[in-house]
Each structure stands twice: as C-alpha cells, then as structure tokens.
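> From first to last, the protein sequence lines are chains D and U.
Its first residue numbered 308, the first sequence is counted upward by one per residue in my numbering.
Its first residue numbered 621, the second sequence is counted upward by one per residue in my numbering.
Here a beta-carbon is modelled for each residue, glycine too, at the ideal position from N, C-alpha and C.
After the structure tokens below, expect a handful of questions from me.
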Amino acid sequence: MGCGSLEASDFKSDLKPIWCPGCGDFGVLQALYRALAAVGRPPHEIAFISGIGCSSRIPGYTTAYGFNTVHGRALPIAQGVKLANPDLLVVVAGGDGDGFSIGGGHVAHAVRRNLDLTYLVMDNQVYGLTKGQLSPTSLKGLETVTSPLGSLEDPINPLLYVLAYGAGFVAQATPADMPGMAALIEEAIRYPGFSFVNIQSPCVTFGEEEQQLRAHKAKLKPLAKLHHDPSNPLAALDLARAYGRELYTGVFYRNPAPPQPYDALVRLRQAEQSKLATPRAQLLDTWLADGRGKR
Amino acid sequence: MTHADSAPGIDFEALTLKDALDLAVLIEEEARDRYEELAAQLLLHHNRDAARFFTRMVRVEELHRAALVEKREKLFGRQKPAVGRELLFEVEAPEYDAVRADMTERQALSTALQSERKAYRFFSSALEHVQHRDVKTLFTELCAEELEHIRLVQGELARLPEPGPLEATDVSDDPAPQ
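Following this line, the structure appears as structure tokens:
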C-alpha cells in the first residue's frame with residue numbers, strides 16, 4: 308500500500324467529456340488517469356495524439372499536451388512528435404475506424420518502425436460519432452444504417468493485424484474489468500517500443516446488446532487465468548484469431564527482449580553523424596577553402 | 621462484486637483501523653465524485669430529473685464522508701494516510717455503464733440502489749478476511765449503514781409513481797452526435 312507522488316486527478320482536465328452517458332470511453336479515461344499516475348511522469352512530459360472520432364476527444368480531457376489531429380493520421384503525427392522530442396511520453400488514442408479504416412495503412416508502418424509509443428484503440432465496432440454506420444471491426448451480420456440487411460464482410464482483426472507486423476506488445480482490455488485495464492495500460496506505457504492495447508469499449512447508443520459491458524462481464528476470459536505465456540508469439544497469434552468470438556483480456560504478446568526503439572536508434576545515428584560533421588565554427592572556413600564561397 | 625474485485629491491491633487481513641477508516645473515507649469520496657460526474661453528464665444531455673437525483677446523491681455521499689473523516693480525526697488526528705484512491709475501483713460509485721442519456725428518475729434511483737448493494741457486498745465479503753477486532757467492528761457498522769441506505773432508497777423508489785406502459789427510453793431520440 309502507499310500513495311504515489313502523482314494522483315489520477317492530476318491528469319484530469321477541467322473539460323467535461325461529452326460522450327453519451329454510459330459510454331465505455333468514460334471507463335477508459337478513468338483507467339488512463341490511474342495508469343498515468345502509476346507511471347509517475349508529470350503531465351508536461353506527456354503528449355496525447357488522436358485522430359477523429361468519439362474516443363479521439365481524449366487529449367482534451369487530460370492535463371497533458373494534446374493534439375486532436377485529422378482523421379486516421381494520429382500515428383504519423385505521433386511519430387513526428389516523438390522524433391522531435393524523444394523525451395516526451397507519447398500516447399496515441401483513437402477508435403477502430405480511425406485506426407483500421409482511414410488510418411489503417413499507417414498502423415503497419417508504425418509497428419515496423421517501432422517508436423516508443425503506446426497506441427490505445429477504443430474499439431466499439433461501429434461508427435458512433437456519425438450515428439451508427441459499419442466500421443472496419445463491425446462483426447459480420449451486423450445491421451446498421453449502412454447495412455440494413457446485415458453486413459456481408461468479415462471484420463478486420465486488430466490483434467492479428469499488429470501481431471502479424473511484429474508489434475512487441477499487444478494486449479486487449481475492456482472497461483468491464485477496470486483494475487485489469489488500468490494495469491494493462493500502465494504496462495503498455497512502460498514497454499520500451501511500440502505497444503498496442505485494443506480496448507473493447509462499448510457504444511451504448513449504436514452498439515448491440517452483446518457488445519455492452521454486462522455481456523463483457525459474462526464472457527471475458529483473462530489470459531493470465533488461461534496460463535497463456537505472453538512471450539510465445541505463436542500462441543498469441545492463435546489466441547488473437549478468436550477476436551469477435553471470444554473476449555480474451557490481458558497481454559497476448561510481450562517481446563521478452565525488446566529491440567532498441569527507432570527513436571533511440573535515430574539518436575544514436577545523430578550522435579555518430581555529428582562526430583563526422585564539421586564543427587559549426589569552422590563551417591565558413593571550409594566553404595571558402597573549397598572555392599564555393601567565390602562569386 | 622466483492623472486496624477482491626474492487627480493491628484487489630488491499631490485504632484485508634493486515635488492515636489496521638487507521639487504514640480501514642481512510643479506505644472508508646475514500647470509498648465515499650469516490651462515490652461522491654462519480655455522482656457528480658454522472659449528474660454533469662446527464663445535465664449535458666438535458667436530463668434534469670436524473671441529474672437532480674444524482675446531485676442529491678453527491679450531498680449524501682459527502683455527508684457520509686464528512687462523518688467518517690470526523691471519526692478518523694478523533695482517533696488519529698492528522699496522521700498521513702497510507703492508502704490512496706488508486707487502490708479502489710468503484711466500490712460504492714455507480715459504474716459508468718449504469719447510466720443512459722434518457723434514463724428516468726426511477727432508473728437513477730435503481731442505479732443508486734445497486735451501488736449501495738455493491739458497497740454492502742464489499743464490506744460484508746471483506747469482513748470474512750479482516751483480522752483486527754476494531755476493523756471488524758467498523759466494517760460491521762458500515763455494513764449496517766449500507767443496509768440502512770438500501771432501505772432508504774427502496775422506500776424512495778416505492779414512493780415514485782408506477783411507470784406507465786411507455787418509458788422515456790421508448791420515445792426519446794438517440795443522443796446527438798458529438
């Protein structure tokens with residue numbers, strides 16, 4: 308037992324969330340505050356980057372730096388932020404549409420580049436902000452305003468997607484298990500490299516009954532209780548295939564020997580290059596000496 | 621939900637009276653803050669009846685908190701607490717999922733009733749593990765208080781007019797996209 312120097316309330320901004328009452332994102336936000344307090348970095352050392360969607364409002368609800376960017380482009384902007392200031396703790400937040408539809412192409416590159424970022428996807432399996440159209444993770448058969456007879460498409464599997472591209476940390480959470488979700492977000496933030504948490508965050512307005520928290524509570528299966536070894540990538544892939552059928556929560560995969568993240572490699576490269584570079588004070592002399600300074 | 625679900629980080633066998641009182645204060649504080657949040661959410665969606673009830677619950681939880689703080693100060697003065705809010709997850713606070721934009725006052729009361737029952741289950745399941753005699757006494761008192769609150773809310777629910785064939789949820793629009 309004990310109290311850290313930072314509390315969850317230190318990360319809460321004065322802006323009141325305007326999500327629909329009952330939205331799963333309220334729980335995610337609460338878990339995020341707790342995870343940040345546990346990590347212990349002050350708000351001015353953290354940047355939240357998001358795209359567009361209900362969940363992408365999260366930066367405004369925290370006291371950290373925030374950038375509510377353009378649809379699907381949160382990851383490229385977050386990578387720029389991290390490279391410009393590698394000391395920042397960068398958290399990317401968004402929905403399933405933002406991440407796996409319009410921004411889908413960016414996910415693979417963010418994973419393979421492996422910057423030290425945490426990507427939280429609030430996967431509600433529907434476009435809630437625009438009043439309930441099919442999203443890339445909507446389950447087959449789902450009836451929406453854009454699929455009145457039921458969707459004919461299989462959903463994208465976000466877990467398989469990031470695992471297949473080699474993400475070093477892949478987990479899934481639900482607001483139906485608040486302590487578990489807060490612990491997972493904290494663990495993802497602490498992972499040195501690209502970390503991904505798929506959060507099944509129900510849409511109370513346009514989501515189906517079986518996607519609501521009551522249903523989650525009944526069917527969630529913590530991976531720890533199944534004795535899953537998170538260092539086994541093949542076992543992780545096998546479990547991830549059950550997305551949409553089973554609700555596994557916990558860490559699917561954690562690279563036991565994380566490689567240096569891209570931002571650290573860039574720093575090393577910059578240090579090497581700066582050794583070879585001409586000192587700034589001698590730049591003009593060099594320029595004049597090789598004749599380039601002549602008119 | 622038991623003590624193990626909503627306070628997984630607490631060792632109830634080793635709990636001292638000071639920690640137990642601090643915990644009880646924090647539980648009321650968590651509930652007060654949550655009701656405040658829920659009232660604000662519902663006001664934003666122009667549901668004044670449910671918001672008014674949750675605002676009343678803010679005052680009720682604050683009164684309970686203040687009474688516990690007074691008791692704690694009498695026994696332990698201003699000694700620094702050793703437990704924090706990070707150890708608790710919705711012990712007496714209603715879950716976010718319990719509210720809807722178009723919920724009726726009756727549904728708001730039912731939400732509070734469920735939360736009081738949740739708190740009762742928390743203290744009664746924790747009691748089975750508590751070792752310290754004074755903590756046992758405190759938790760027994762808190763269990764009795766929660767039972768009293770359950771009876772009060774049930775009484776209020778009984779005084780409300782019976783719901784008609786149509787609830788507000790049957791005729792209201794979806795919340796406006798934000």
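Under 8 Å, CB to CB, which of the residues in the stretch 576-601 of chain D have a partner in chain U?
So the list is empty, because no residue satisfies the distance condition.
> Does any CB atom of chain U fall closer than 8 Å to the CB of M429 (chain D)?
Position 122 of the first sequence, counting from 1, holds the residue named residue 429 (chain D). Not one chain U Cβ lies under 8 Å of M429 (chain D).
> Taking only the alpha-carbon atoms, compute the straight-line gap between A728 (chain U) and Y426 (chain D) and give it to the nearest angstrom.
Against the second sequence, residue 728 (chain U) aligns to sequence position 108. Against the first sequence, residue 426 (chain D) aligns to sequence position 119. Computed Cα separation, rounded: 35 Å.
> Is the CB-CB distance between S502 (chain D) and G475 (chain D) below 8 Å?
In the first sequence, residue 502 (chain D) corresponds to position 195, counting from 1. In the first sequence, residue 475 (chain D) corresponds to position 168, counting from 1. Yes. Within cutoff.
> Let me see if you follow: with CB-CB separation under 8 Å, is L530 (chain D) close to chain U or not?
Working through the first sequence from its first residue, we reach residue 530 (chain D) at position 223. L530 (chain D) does not count as touching chain U.
> Quick check on the burial criterion: 16 or more other C-beta atoms within 10 angstroms. Buried or exposed for K389 (chain D)?
Stepping through the first sequence from its first residue, residue 389 (chain D) is reached at position 82. Under this definition K389 (chain D) is a buried residue.
> How big is the Cα-Cα spacing for A338 (chain D) and M485 (chain D)?
Looking up residue 338 (chain D) in the first sequence gives position 31. Looking up residue 485 (chain D) in the first sequence gives position 178. Looking at the two C-alpha atoms, the distance is approximately 6 Å.
> Taking 8 Å as the CB-CB cut-off, is Q699 (chain U) touching chain D?
Here residue 699 (chain U) is taken as the residue at index 79 of the second sequence, counted from 1. So no, Q699 (chain U) is outside the interface.
> Can you list the residues of chain D that D794 (chain U) reaches, using a CB-CB cut of under 9 Å?
For this step, residue 794 (chain U) is matched to residue 174 along the second sequence. Those are C327, K438, G439, T512, F513, listed as they occur along chain D.
> Hey, could you find the ends of the alpha helix (DSSP H) Q727 (chain U) is sitting in?
Taking the second sequence and counting its residues from 1, the one referred to as residue 727 (chain U) is at position 107. Here the alpha helix (DSSP H) through Q727 (chain U) covers 725-747.
> Report yes or no: is there a C-beta of chain D within less than 8 Å of the C-beta of Q661 (chain U)?
To locate residue 661 (chain U), count along the second sequence from 1; it is residue 41. Interface residue, yes.
> What do you reckon, is the C-beta of G775 (chain U) under 7 Å from a heavy atom of the ligand GTP?
As for the ligand GTP, it is missing from this structure, which has no ligand bound.
> So that I know if they touch, is there some Cβ in chain D lying closer than 8 Å to that of E712 (chain U)?
Here the question's residue 712 (chain U) lines up with position 92 in the second sequence. So, not an interface residue.
> Name the one or two DSSP bridge partners that I356 (chain D) has.
Mapped onto the first sequence, residue 356 (chain D) falls at position 49. Paired residue(s): D:F374, D:V399.
> Using CA atoms only, rank isn't needed, just tell me which of D:G410, D:L544, D:D423 is closest to Q567 (chain D).
Residue numbering aside, residue 567 (chain D) sits at position 260 when the first sequence is read from its first letter. Answer by Cα proximity: D:D423.
> In whole angstroms, what is the alpha-carbon distance linking A718 (chain U) and R419 (chain D)?
On the second sequence, residue 718 (chain U) is found 98 positions in, with the first residue counted as 1. On the first sequence, residue 419 (chain D) is found 112 positions in, with the first residue counted as 1. Between A718 (chain U) and R419 (chain D), the C-alpha separation is close to 40 Å.
> Assign E693 (chain U) to one of two classes, buried (16 or more other C-beta atoms within 10 Å of its C-beta) or exposed (fewer than that).
Start at 1 with the first residue of the second sequence, and residue 693 (chain U) comes out as number 73. By the neighbour-count rule (16 or more Cβ atoms within 10 Å), E693 (chain U) is not buried but exposed.
> Hey, E662 (chain U) and A671 (chain U): beta-carbon distance below 8 Å or not?
As a first step, residue 662 (chain U) must be located in the second sequence, where it is residue number 42. As a first step, residue 671 (chain U) must be located in the second sequence, where it is residue number 51. For the sequence presented, residue 662 (chain U) should be read as Leu rather than Glu. Yes.
> With a threshold of 16 other CB atoms inside 10 Å of the CB of D405 (chain D), please say whether the residue is buried or exposed.
Sequence index remark: in the first sequence, residue 405 (chain D) carries index 98 (1-based). Per the 10 Å Cβ criterion, buried.
> Please report whether the beta-carbon of A632 (chain U) lies at a distance below 8 Å from any beta-carbon of chain D.
The sequence position of residue 632 (chain U) within the second sequence is 12, counting from 1. The sequence shown places Phe at residue 632 (chain U), rather than the Ala named in the question. No, because no Cβ of chain D sits closer than 8 Å to the Cβ of F632 (chain U).
> If you measure from the beta carbon of H665 (chain U) to each beta carbon in chain D, is any gap under 8 Å?
Position 45 of the second sequence, counted from the start, is the residue given in the question as residue 665 (chain U). Yes, its Cβ sits closer than 8 Å to a Cβ of chain D.
> Leaving out the 5 sequence neighbours to the left and right, which residues in its chain are closer than 8 Å to G309 (chain D) when beta-carbon positions are compared?
Counting from 1 along the first sequence, the entry for residue 309 (chain D) is found at position 2. For G309 (chain D), the predicted model reports a pLDDT of 40, less than 50, meaning its position is unreliable; a value from the coordinates is still stated below. Taken in chain order, the list of residues that qualify is empty.
> Of all the options U:R741, U:A702, U:P783, which has the alpha carbon lying nearest to the alpha carbon of D631 (chain U)?
Counting from 1 along the second sequence, the entry for residue 631 (chain U) is found at position 11. Of U:R741, U:A702, U:P783, the residue nearest in Cα terms is U:A702.
> In chain D, what lies closer than 8 Å to V719 (chain U) by C-beta?
Numbered from its first residue, the second sequence carries residue 719 (chain U) at position 99. What V719 (chain U) touches in chain D: P328, G329.
> In angstroms with no decimal places, state the Cα-to-Cα distance between G629 (chain U) and E706 (chain U).
Here residue 629 (chain U) is taken as the residue at index 9 of the second sequence, counted from 1. Here residue 706 (chain U) is taken as the residue at index 86 of the second sequence, counted from 1. Cα to Cα, the separation comes out at about 9 Å.
> Against F709 (chain U), what residues of chain D qualify as contacts under a CB-to-CB distance less than 7 Å, listed in chain order?
For the purposes of this step, residue 709 (chain U) is taken as residue 89 along the second sequence, with counting starting at 1. By Cβ distance, chain D contributes M485, P486.
> Using CA coordinates, which residue listed in U:K638, U:R676, U:V773, U:A659 is at the minimum distance from L593 (chain U)?
Only positions 621 to 798 of chain U appear in the structure, and residue 593 (chain U) is not among them; the question remains open.
> Figure out for me which residue from U:E715, U:A640, U:D642 has the closest Cα to the Cα of E617 (chain U).
Residue numbering for chain U in the displayed model covers 621 to 798; residue 617 (chain U) lies beyond these limits and cannot be assessed.
> What is the rounded straight-line gap between the Cα of K323 (chain D) and the Cα of H534 (chain D)?
In the first sequence, the residue the question calls residue 323 (chain D) occupies position 16. In the first sequence, the residue the question calls residue 534 (chain D) occupies position 227. Looking at the two C-alpha atoms, the distance is approximately 40 Å.
> Taking only the alpha-carbon atoms, compute the straight-line gap between E515 (chain D) and V558 (chain D) and give it to the nearest angstrom.
The residue given as residue 515 (chain D) occupies position 208 in the first sequence. The residue given as residue 558 (chain D) occupies position 251 in the first sequence. So the alpha carbons of these two residues sit roughly 26 Å apart.
> Mind reading off the beta-carbon distance from I356 (chain D) to A391 (chain D)? Whole number of angstroms is fine, and I expect it under 8 Å.
For this step, residue 356 (chain D) is matched to residue 49 along the first sequence. For this step, residue 391 (chain D) is matched to residue 84 along the first sequence. Actually they are not in contact, since the Cβ atoms of I356 (chain D) and A391 (chain D) sit about 12 Å apart, beyond 8 Å.
> From what residue to what residue does the beta strand (DSSP E) around V428 (chain D) run?
If you number the first sequence from 1, residue 428 (chain D) lands on position 121. It spans 424-430 - the beta strand (DSSP E) in which V428 (chain D) sits, taken as one unbroken run.
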